[in-house]
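Peer 1:
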Amino acid sequence: MKSSKKQRNILLQKADFKKRVVKYAKQIDIPLKSISVRPMSRKWASCSTAGNLNFNSELLKMPKKLGDYVIVHELLHFHVSNHGKLWKSLMRAYLGDYEKLEKRLSKY
105 MKSSKKQRNI
115 LLQKADFKKR
125 VVKYAKQIDI
135 PLKSISVRPM
145 SRKWASCSTA
155 GNLNFNSELL
165 KMPKKLGDYV
175 IVHELLHFHV
185 SNHGKLWKSL
195 MRAYLGDYEK
205 LEKRLSKY
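Counting from 105, one number per residue, gives the positions in the sequence shown under this note's numbering.
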């Protein structure tokens, strides 16, 4: 019984996370093909030029603001492949002082 409640909770968390991805994708004007939330050993997220996004399931355990940072970070790579001035400017436009979130995320 407890494990089914836990599984249901995880499914709800994944659904909520994916809704946030879709919300930001619309704001940033990114067409998405697929969104996956799964265990990843070395990255918080990855994206492909085909429109596929993968997010580390550990993000579900973190504060939403950190998840949003990773979401926006990854989505912006569809427009800007590097972390140069334009990317930083766009991060600031969508998340304000994103550097603080970046620093918090680095502690995980």
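Cβ coordinates follow ideal geometry from the N, Cα and C atoms, glycine included.
In this text the structure is predicted, and so the values were computed from the model without any measurement.
For the alpha helix (DSSP H) containing Ser104, name the first residue and the last one.
Peer 2: Coverage of the chain is limited to positions 105 through 212, which leaves residue 104 absent and any answer about it impossible.
Peer 1: How would you write the range of the beta strand (DSSP E) that Arg142 sits in, first residue to last?
Peer 2: Note, Arg142: beta strand (DSSP E), Ser138 to Arg142.
Peer 1: Can you list, in chain order, the residues of its chain with a C-beta nearer than 6 Å to that of Lys118? Leave out the 5 residues immediately preceding and following it.
Peer 2: Val141.
Peer 1: To which residues of the same chain is Asn113 closer than 6 Å at the C-beta, ignoring the five residues directly before and after it?
Peer 2: Correct list: empty, nothing qualifies.
Peer 1: I'd like to know if the stretch 143–150 and the stretch 186–201 are in contact, where contact means that at least 3 CB-CB pairs between them fall below 8 Å.
Peer 2: No, because fewer than three Cβ pairs between the stretch 143–150 and the stretch 186–201 fall closer than 8 Å, the two stretches do not touch.
Peer 1: Which residue or residues does DSSP assign as beta-bridge partners of Phe159?
Peer 2: Answer is Val141 and Ala149.
Peer 1: What first and last residue would you give for the alpha helix (DSSP H) that runs through Val174?
Peer 2: Per DSSP, Val174 belongs to the alpha helix (DSSP H) from Lys168 to Leu180.
Peer 1: Buried or exposed: Ala197, going by 16 or more other Cβ atoms within 10 Å of its Cβ?
Peer 2: Counting Cβ neighbours within 10 Å, Ala197 comes out exposed, since fewer than 16 surround it.
Peer 1: Assuming Val176 and Leu199 form a contact by the criterion Cβ under 8 Å, report the distance between their Cβ atoms to the nearest whole angstrom.
Peer 2: Confirmed, about 6 Å.
Peer 1: Tell me the rounded alpha-carbon separation between Trp148 and Ser107.
Peer 2: Cα-Cα distance, rounded: 26 Å.
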